[in-house]
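Enquirer:
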Amino acid sequence: MANKKKPLRRCMACNSQKEKQELLRIVRTPENNLEIDLTGKKNGRGAYICRDEKCLNMAIKTKRLEKVLEKSIDQDFYEEIRGIIIGK
18 MANKKKPLRR CMACNSQKEK QELLRIVRTP ENNLEIDLTG KKNGRGAYIC
68 RDEKCLNMAI KTKRLEKVLE KSIDQDFYEE IRGIIIGK
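When the letters of the sequence shown are read in order and numbered with the numbering used here, they come out as residues 18 to 105.
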(Lines of atoms letter the chains of each structure in order from A; the text may use other names.)
(Lines give C-alpha, C1' and ligand atoms only; values in the text may rest on other atoms or scores of the structure.)
Protein backbone atom coordinates (compact mmCIF):
# COMPACT_ATOMS: atom_id res chain seq x y z
CA MET A 18 0.00 0.00 0.00
CA ALA A 19 1.27 3.45 -0.86
CA ASN A 20 1.99 5.96 1.89
CA LYS A 21 -0.76 8.51 2.31
CA LYS A 22 0.37 12.03 1.38
CA LYS A 23 0.38 14.46 4.27
CA PRO A 24 -1.29 17.80 3.54
CA LEU A 25 1.11 20.70 3.16
CA ARG A 26 0.28 24.31 3.98
CA ARG A 27 2.22 27.57 3.65
CA CYS A 28 3.03 29.91 6.55
CA MET A 29 1.63 33.39 5.92
CA ALA A 30 4.67 35.07 7.53
CA CYS A 31 7.80 33.24 6.35
CA ASN A 32 6.25 31.57 3.27
CA SER A 33 7.74 28.17 4.11
CA GLN A 34 5.75 25.04 3.33
CA LYS A 35 5.21 22.57 6.17
CA GLU A 36 2.88 19.76 7.15
CA LYS A 37 -0.52 20.99 8.28
CA GLN A 38 -0.01 19.66 11.85
CA GLU A 39 3.15 21.75 12.30
CA LEU A 40 1.31 25.03 11.70
CA LEU A 41 -1.26 27.00 13.68
CA ARG A 42 -4.53 27.78 11.86
CA ILE A 43 -6.31 31.09 12.33
CA VAL A 44 -9.91 31.19 11.04
CA ARG A 45 -12.35 33.93 10.15
CA THR A 46 -15.67 32.18 10.73
CA PRO A 47 -18.76 32.70 8.56
CA GLU A 48 -20.02 34.93 11.43
CA ASN A 49 -16.92 37.13 10.86
CA ASN A 50 -15.27 36.18 14.18
CA LEU A 51 -11.59 35.27 14.52
CA GLU A 52 -10.69 31.98 16.18
CA ILE A 53 -7.59 29.91 16.70
CA ASP A 54 -8.38 26.52 15.19
CA LEU A 55 -6.42 23.82 16.99
CA THR A 56 -8.39 21.03 15.24
CA GLY A 57 -7.81 22.34 11.71
CA LYS A 58 -11.43 21.60 10.82
CA LYS A 59 -13.46 24.72 11.64
CA ASN A 60 -15.49 26.35 8.88
CA GLY A 61 -14.33 29.63 7.48
CA ARG A 62 -11.42 31.36 5.81
CA GLY A 63 -8.21 29.97 7.22
CA ALA A 64 -4.62 31.15 7.35
CA TYR A 65 -1.64 29.22 8.65
CA ILE A 66 1.34 30.44 10.64
CA CYS A 67 4.41 28.61 12.00
CA ARG A 68 4.41 27.84 15.71
CA ASP A 69 7.32 30.26 16.04
CA GLU A 70 7.36 33.65 17.72
CA LYS A 71 9.54 35.12 14.93
CA CYS A 72 6.85 34.29 12.36
CA LEU A 73 4.15 35.79 14.57
CA ASN A 74 6.17 39.02 14.98
CA MET A 75 6.69 39.16 11.21
CA ALA A 76 2.95 38.63 10.60
CA ILE A 77 2.09 41.43 13.05
CA LYS A 78 4.64 43.82 11.51
CA THR A 79 3.51 43.20 7.91
CA LYS A 80 -0.21 42.82 8.82
CA ARG A 81 -0.14 39.70 6.63
CA LEU A 82 -2.83 37.82 8.61
CA GLU A 83 -5.12 40.84 8.41
CA LYS A 84 -4.73 40.96 4.63
CA VAL A 85 -5.28 37.23 4.14
CA LEU A 86 -8.29 37.04 6.48
CA GLU A 87 -9.64 40.41 5.29
CA LYS A 88 -10.30 41.50 8.87
CA SER A 89 -8.49 43.79 11.31
CA ILE A 90 -6.91 41.96 14.25
CA ASP A 91 -6.48 43.55 17.67
CA GLN A 92 -3.42 43.17 19.88
CA ASP A 93 -5.27 40.95 22.39
CA PHE A 94 -5.88 38.31 19.71
CA TYR A 95 -2.21 38.38 18.70
CA GLU A 96 -1.28 37.87 22.37
CA GLU A 97 -3.63 34.89 22.53
CA ILE A 98 -1.81 33.39 19.51
CA ARG A 99 1.56 34.16 21.19
CA GLY A 100 0.39 32.31 24.33
CA ILE A 101 -0.32 29.18 22.31
CA ILE A 102 2.97 29.43 20.42
CA ILE A 103 5.14 29.78 23.53
CA GLY A 104 3.04 27.21 25.37
CA LYS A 105 1.29 29.18 28.11
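Quick reminder that beta carbons are idealized off the backbone N, C-alpha and C, glycines included.
If you draw a straight line from the C-alpha of GLU52 to the C-alpha of ARG81, how long is it?
Expert: Computed Cα separation, rounded: 16 Å.
Enquirer: Under three-state DSSP, which class holds ASP91?
Expert: Coil, per DSSP.
Enquirer: Across which residues does DSSP place LYS23 in a beta bridge pair?
Expert: LYS23 pairs with nothing; no bridge assigned.
Enquirer: Apart from the five residues on each side of it in sequence, which residues of its chain come closer than 6 Å, Cβ to Cβ, to ARG42?
Expert: Once the five neighbours on either side are set aside, the close Cβ partners of ARG42 are ASP54, GLY57, GLY63 and TYR65.
Enquirer: List the whole-angstrom C-beta distance separating LEU11 from ILE98, where the pair is believed to meet the contact cut-off of C-beta under 8 Å.
Expert: The structure shown has nothing for residue 11, since the chain only spans 18 to 105.
Enquirer: If I follow the unbroken beta strand (DSSP E) through CYS67, where does it start and stop?
Expert: 62-67 is the span of the beta strand (DSSP E), which, as asked, contains CYS67.
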